[in-house]
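In our numbering, the protein residues as written are 87 to 404.
In structure tokens form, the structure reads like this:
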């Protein structure tokens, strides 16, 4: 078997190797992604977002168990903050989800943001495509948790689950500030805490207020109370996710295509940006210029970043 056949057949070692190459930006990985792309489009992608400490990992763990009981294969991508020393992921979701290690129907990968803003790693979408091509029925993506900047997941997932907990007023403020519109399902985790009902009421009010600005295809966002550690509310969360999936796929085919177009647009723009940057940097070096020298000119106030960028663009695209 060649590498494409191995990935499509679900070979774990080959999948792990290509995911590592994608994260390390190995050039050969791009060719493999091209050949894999025709095999994508079957997996359902669920994104879990929310501030650090709200229990996203525990929820992903429990939902994975639920899908496995339904005999669905699962891929998990857990995006962690980057270690400033090694450049690797530091939260250790693999430790938290170790019950799945011996299950061949679950594939888990932790990946680092490496300074990429928006809650996702730059390579996340490519990794989703690999797991999709490998035949995973469901792909769960857990974002790093960076507050109101964490909106990219809405462009990468079919269903976005926004997680909060009682007693975190800052979470509600962040939701008010803009990420309210990305959530298809809202979870109040650790619902045994005091103030759970108050948080639910606040979310209900916010959903009602934001409904006028939503382009949601008649979808009414669901609110689910959970205690992930105890497994309470997981069935209700699973049902809400499946309800949203069915809503997209059956009742509103135009909405399903809209989601697919949004994902494709983001991936295309990302690929253009990455390749354009790589090409321009190579051409700068080819002209005998040094990026370090250009940096020094900016530091010494001999020029400014905007003028230098315009000069580069004028030269490369004249």
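Where is the CB? At the ideal position from N, CA and C, for every residue including glycine. As the structure is a computational prediction, the values presented were derived from the model and not from experiment.
Asked: Short Cβ contact (8 Å threshold) for residue 383 with residue 389; Found: yes
Asked: Residue 402, DSSP secondary structure in three states; Found: helix
Asked: Runs of alpha helix (DSSP H) lying entirely within the region 315-397, each at least 4 residues, in chain order; Found: 320-332, 339-372 and 377-385
Asked: Rounded straight-line distance, which links the Cα of residue 320 to that of residue 330; Found: 15 Å
Asked: Where residue 111 falls: helix, strand or coil (DSSP); Found: coil
Asked: Local conformation of residue 143 per DSSP, three classes; Found: helix
Asked: Range covered by the beta strand (DSSP E) that runs through residue 226; Found: 224-228
Asked: Nearest-angstrom Cβ-Cβ length linking residue 228 and residue 165, presumed shorter than 8 Å; Found: 6 Å
Asked: Classification of residue 88 by the beta-carbon crowding that lies within 10 angstroms, buried from 16 upward; Found: exposed
Asked: DSSP three-state assignment for residue 196, whether helix, strand or coil; Found: strand
Asked: Alpha-carbon to alpha-carbon, residue 284 and residue 160; Found: 34 Å
Asked: Residue 245 classed as buried or exposed, judged by whether at least 16 other C-beta atoms fall within 10 angstroms; Found: buried
Asked: Beta-carbon separation (whole angstroms), residue 136 vs residue 220, contact threshold 8 Å; Found: Actually they are not in contact, since the Cβ atoms of residue 136 and residue 220 sit about 27 Å apart, beyond 8 Å.
Asked: Cα-Cα separation between residue 274 and residue 306, rounded to whole angstroms; Found: 17 Å
Asked: Integer Cβ distance of residue 252 from residue 280, believed to fall under 8 Å; Found: 7 Å
Asked: Cut-off 7 Å between Cβ atoms - residues of its own chain near residue 189, not counting five sequence neighbours on either side; Found: 154
Asked: Simplified DSSP state of residue 102, which is helix, strand or coil; Found: helix
Asked: Among 130, 128, 151 and 105, nearest to residue 119 - alpha-carbon criterion; Found: 105
Asked: Of the residues 98, 193 and 351, the one placed nearest residue 224, counting alpha carbons only; Found: 193
Asked: Helix, strand or coil at residue 121 [DSSP, three-state]; Found: helix
Asked: Supposed contact pair residue 149 and residue 81 - C-beta distance, whole angstroms, cut 8 Å; Found: This structure gives no information on residue 81, because the portion of the chain shown stretches from 87 to 404.
Asked: Cut-off 6 Å between Cβ atoms - residues of its own chain near residue 271, not counting five sequence neighbours on either side; Found: 247, 308 and 326
Asked: Cutoff 6 Å; reference residue 395; Cβ partners in own chain excluding five residues on either side; Found: none
Asked: Burial state of residue 350, where buried means 16 or more other Cβ atoms lie within 10 Å; Found: exposed
Asked: Residues near residue 380 in its chain [Cβ-Cβ closer than 7 Å; skip 5 each side]; Found: 394
Asked: Contact check, residue 146 vs residue 226, beta carbons under 8 Å; Found: yes
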